[in-house]
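Engineer:
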Amino acid sequence: MMIRNIRFVVVIIILLFGFIMPYKTKAISLPFGPYDHIQQQIYSLSLDEKIGQMLMVGFMGDSYNAELEAYINQYQVGGLILFERNIKDTAQTVALLNQMKEKNQGQIPLFLSLDEEGGRVSRVPDEFSSLPAARKIGELNQPKLSYRFGQTIAQEIKSLGFNMNYAPVLDVNNNPSNPIIGERAFGTSPKEVITHGVAVMEGMRSSGVIPVVKHFPGHGDTSKDSHLSLPTIHKDLSELHKVELKPFKAAIKADVDAIMIAHLLLPKLDSKKPSSLSKPIITELLRNQLNYNGLVITDDLTMKAVTNQMSVSDAAVQSVKAGNDLLLIAHHKQNVVETFQKLKQAVLSGEISESRINESVYRILKAKEKYNINNQQVEQVDVDSINQKLERFLSELEGVER
Numbered sequence: 340m341m342i343r344n345i346r347f348v349v350v351i352i353i354l355l356f357g358f359i360m361p362y363k364t365k366a367i368s369l370p371f372g373p374y375d376h377i378q379q380q381i382y383s384l385s386l387d388e389k390i391g392q393m394l395m396v397g398f399m400g401d402s403y404n405a406e407l408e409a410y411i412n413q414y415q416v417g418g419l420i421l422f423e424r425n426i427k428d429t430a431q432t433v434a435l436l437n438q439m440k441e442k443n444q445g446q447i448p449l450f451l452s453l454d455e456e457g458g459r460v461s462r463v464p465d466e467f468s469s470l471p472a473a474r475k476i477g478e479l480n481q482p483k484l485s486y487r488f489g490q491t492i493a494q495e496i497k498s499l500g501f502n503m504n505y506a507p508v509l510d511v512n513n514n515p516s517n518p519i520i521g522e523r524a525f526g527t528s529p530k531e532v533i534t535h536g537v538a539v540m541e542g543m544r545s546s547g548v549i550p551v552v553k554h555f556p557g558h559g560d561t562s563k564d565s566h567l568s569l570p571t572i573h574k575d576l577s578e579l580h581k582v583e584l585k586p587f588k589a590a591i592k593a594d595v596d597a598i599m600i601a602h603l604l605l606p607k608l609d610s611k612k613p614s615s616l617s618k619p620i621i622t623e624l625l626r627n628q629l630n631y632n633g634l635v636i637t638d639d640l641t642m643k644a645v646t647n648q649m650s651v652s653d654a655a656v657q658s659v660k661a662g663n664d665l666l667l668i669a670h671h672k673q674n675v676v677e678t679f680q681k682l683k684q685a686v687l688s689g690e691i692s693e694s695r696i697n698e699s700v701y702r703i704l705k706a707k708e709k710y711n712i713n714n715q716q717v718e719q720v721d722v723d724s725i726n727q728k729l730e731r732f733l734s735e736l737e738g739v740e741r
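In the numbering used here, the protein residues as written are 340 to 741.
1) Out of Gly542, Lys612 and Ser485, which one is the CA nearest neighbour of Asn647?
2) Rounded to a whole number of angstroms, what is the C-alpha to C-alpha distance between Val720 and Leu435?
3) Can you grab the Cα-Cα spacing for the pair Asp564 / Pro518, in whole Å?
4) Suppose the cutoff is 6 Å on Cβ atoms and the five residues either side in sequence are ignored; what does the same chain contact list for Lys440 look like?
5) Can we say the segment 548 to 556 touches the segment 476 to 488, given the rule of at least three CB pairs closer than 8 Å?
6) Helix, strand or coil for Thr587, going by three-state DSSP, please let me know.
7) Could you tell me which residues DSSP puts in a beta bridge with Gly457?
8) Just checking my contact of Glu410 with Val396 at CB under 8 Å: how many whole Å lie between their CB atoms?
9) Take the Cβ of Arg459 as the centre, count every other Cβ of all protein chains shown within 10 Å, and call the residue buried at 16 or more, exposed below.
10) Any chance you could list the beta strand (DSSP E) runs of at least 3 consecutive residues sitting entirely within the segment 495 to 577, in chain order?
11) I'd like to check one pair, Leu453 with Ile476: are the Cβ atoms closer than 9 Å?
12) Bridge partners of Val635, per DSSP?
13) Rounded C-beta distance between Phe747 and Ile712? I'm assuming under 8 Å.
14) Report all residues from its chain with a CB closer than 6 Å to the CB of Arg474; omit the five preceding and five following residues, and keep chain order.
15) Drop a sphere of 10 angstroms on the beta-carbon of Arg462, count the other beta-carbons inside from all chains shown, and report buried for 16 or more, exposed for fewer.
16) Could you pull out every residue in the same chain whose Cβ sits closer than 8 Å to the Cβ of Val348, ignoring the five residues on either side in sequence?
17) Roughly how many whole angstroms lie between the Cα atoms of Asp596 and Leu666?
18) Where do the ends of the beta strand (DSSP E) carrying Ile420 lie?
19) Assuming Leu603 and His558 form a contact by the criterion Cβ under 8 Å, report the distance between their Cβ atoms to the nearest whole angstrom.
20) Buried or exposed for Tyr701, going by 16 or more other Cβ atoms inside 10 Å?
21) Thinking C-beta only, is Leu640 closer than 9 Å to Ser617?
22) Bridge partners of Phe450, per DSSP?
23) How is Val720 classed by DSSP in three states: helix, strand or coil?
24) Output the distance between the C-alpha atoms of Arg731 and Leu470, rounded to the nearest integer angstrom.
25) Can you check which of these residues, Val675, Ile377 and Asn697, is closest to Lys660 by C-alpha distance?
26) Does Met439 come out as helix, strand or coil in the three-state DSSP assignment?
27) Please go through the same chain and pick out, in chain order, the residues whose beta-carbon is closer than 8 Å to the beta-carbon of Gly500, but skip the five residues on each side of it.
28) Give me the Cα-Cα distance between Gly662 and Ser615, rounded to the nearest whole angstrom.
29) May I have the straight-line CA-CA distance separating Gln673 from Ala644, to the nearest angstrom?
30) Work out the CA separation of Leu576 and Pro619 for me, nearest whole Å.
31) What does Ile668 pair with, by DSSP beta-bridge criteria?
32) On a CA-only basis, which of Ser516, Ile492, Glu408 and Ile390 is nearest Phe398? Give me that one, please.
33) Please list the terminal residues of the continuous alpha helix (DSSP H) segment that includes Ser617.
34) DSSP three-state call for Asp604: helix, strand or coil?
35) I need the straight-line Cα distance from Ser368 to Ile533, nearest angstrom please.
36) Looking at C-alpha atoms only, which residue of Pro464, Lys553, Ala524 and Met393 is the closest neighbour of Asn504?
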C-alpha cells in the first residue's frame, strides 16, 4: 500500500512537471515588453489615425482656419510646423497655438514645431531679442554657454507653446561654397560641431523641448541648396565616417530623440534615391549600423530636391518604406490630402505593411509621452521678462568675446 502511494505521488510529480516546465522555460518574444500601454494604444487606433500621426504639416495664414480644422479634426495629424508666414506677434502666436490645442482636445496631443536656430533661421516674433547664429557660438568655444544657448532657445519657444524645434544643425561646414549651411553650422571640423552641437541639443531638451538634429547624413559638403535642386556628395561610407557622420554618432550616443534626414544624393551609398527616401541610408546605416531607434523626420518633402523627381505623395510612400517616421509637408493642402490617401492605399494594397506603420507610430507616441506633450494652453507670455533673460545671455556672450 505504501509503495503504491509512493508510486502515485511520483506519477503526480512527473505529470505536474510535464505541464509546468514547458511554460516555465519557454522563451517568449514580445517586441514591446509583456505589457506596453503605448502598444495597447496603437491597437486601439484606426489606420487613418495612425497615418495621420505620421504627418507633420505646414499651413497658410496666421489664424485658425478651415485648413487647420481639416488637419486637426479630419486627418488628425501628428503635428504642425509654423513659419514666418504664420507668426505675426507674440499675442497672435500664443492665441493660434492655444486654439490648435483647444480644437485638438480629446485627441493625441500635437507636436508644435518650428525652425529656431538663432541667426538668420529664426521664426520667433520680432518682439524678442535676436540670438546669434551657431557659428558665433562655436567660435566662442564655451561648452557651458552652448548648453545655455540651447536652454535659452527652448525656454523662449516653449513660452509661446511650442514643444519641438528643428535644431541644432549638426552639419560640418567643410565646403566654403556651400550656399545653405554656412553660419548655421557650429564649425568646420567634426570636433567643433560635436562639442557645441551636442551641448545645445542637451540644453534644449533640459527645458522640455524636443531637439531635432539635422541634416543627416550631413549637408555641409555640398555646393547646391536642396530647396532648389538635389545636391550630390561623392563620398563613400568610410569617408563619411571620418567627418559628416561623427556629430550624428555623438548625438546618438547622447540619446538624441529625433533626427532630420536631408535630401542628398550619395551615389556610393544609394545610386538611385536621395537620402530621405533611401532604405540603405535610413534603415541600414542610421538604424542598423549606428543603432539609432529614435524618431526619424524627413526634411520638407515639398522641396525641389524631391519634387523635381516625383510627386510629394509618391515621395512620402518611398520615405516610409525607407524608414522615416514623420513626413514633413510644409506647403499646400493638396499635398497633404494626396499623401494621406496614397499612404492608406499603400497599406491596404500591401505595399507597406501595417506593422511598419505601427513601428513609426510607436516612436511618435513614445516621444510625446517622454516630453509630456499635452493640450494644455499657455496662459500668458511675459515678453519683457523673457527679453531680460535673453539680454543677460547676450551680455555673457559679449563678455566672452572681449
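The beta-carbon is built from N, C-alpha and C at its ideal position, and this holds for glycine as well.
Structural biologist: If we stick to the structure as given:
1) Lys612
2) 13 Å
3) 6 Å
4) Only Asn714 and Gln716 meet the Cβ criterion.
5) Here the segment 548 to 556 does not lie against the segment 476 to 488, with fewer than 3 beta-carbon pairs under 8 Å apart.
6) Note on residue identity: the sequence assigns Phe, not Thr, to residue 587. If DSSP states are grouped into helix, strand and coil, Phe587 belongs with the helices.
7) Val460
8) Correcting the residue type first, residue 410 is Tyr in the shown sequence and not Glu. Right, the Cβ-Cβ distance comes to about 6 Å (below 8 Å), so this counts as a contact.
9) exposed
10) 549 to 555
11) The answer is no: Cβ separation not under 9 Å.
12) Ile598
13) With the chain covering only 340 through 741, there is no way to say anything about residue 747.
14) Within the same chain, and ignoring the five residues on either side of Arg474 in sequence, the residues whose Cβ sits closer than 6 Å to its Cβ are Glu522.
15) Buried, by the Cβ-count rule.
16) Residue placement at Val348 cannot be trusted, given a pLDDT of 44 that sits under 50; what the coordinates show is reported in the next sentence. For Val348, where only same-chain residues beyond five positions count, there are no Cβ hits under 8 Å.
17) Near 16 Å, if we compare the C-alpha coordinates of Leu666 and Asp596.
18) Gly418 to Ile420
19) Here Leu603 really is in contact with His558; their C-beta atoms are around 7 Å apart, less than 8 Å.
20) buried
21) no
22) The partner list for Phe450 (beta bridge, DSSP) reads Gly418.
23) coil
24) Straight-line measurement puts the Cα of Leu470 at about 11 Å from the Cα of Arg731.
25) Residue Asn697 is the option with its Cα nearest to Lys660.
26) Residue state, collapsed to three classes: helix.
27) Thr432, Val433, Leu436, Asn437, Lys440, Leu451, Gln716 and Val717
28) 9 Å
29) 19 Å
30) 11 Å
31) Val396
32) The shortest Cα separation from Phe398 among Ser516, Ile492, Glu408 and Ile390 belongs to Glu408.
33) Run containing Ser617: none; DSSP gives neither H nor E here.
34) A small fix is needed here, since residue 604 is Leu in this sequence, not Asp. In the structure shown, Leu604 sits in a strand (DSSP, three-state: E or B).
35) In this predicted model, Ser368 has a pLDDT of only 34, less than 50, meaning its place in the structure is not dependable; the value taken from the coordinates is given anyway. Whole-angstrom Cα-Cα distance: 37 Å.
36) Nearest C-alpha to Asn504: Lys553.
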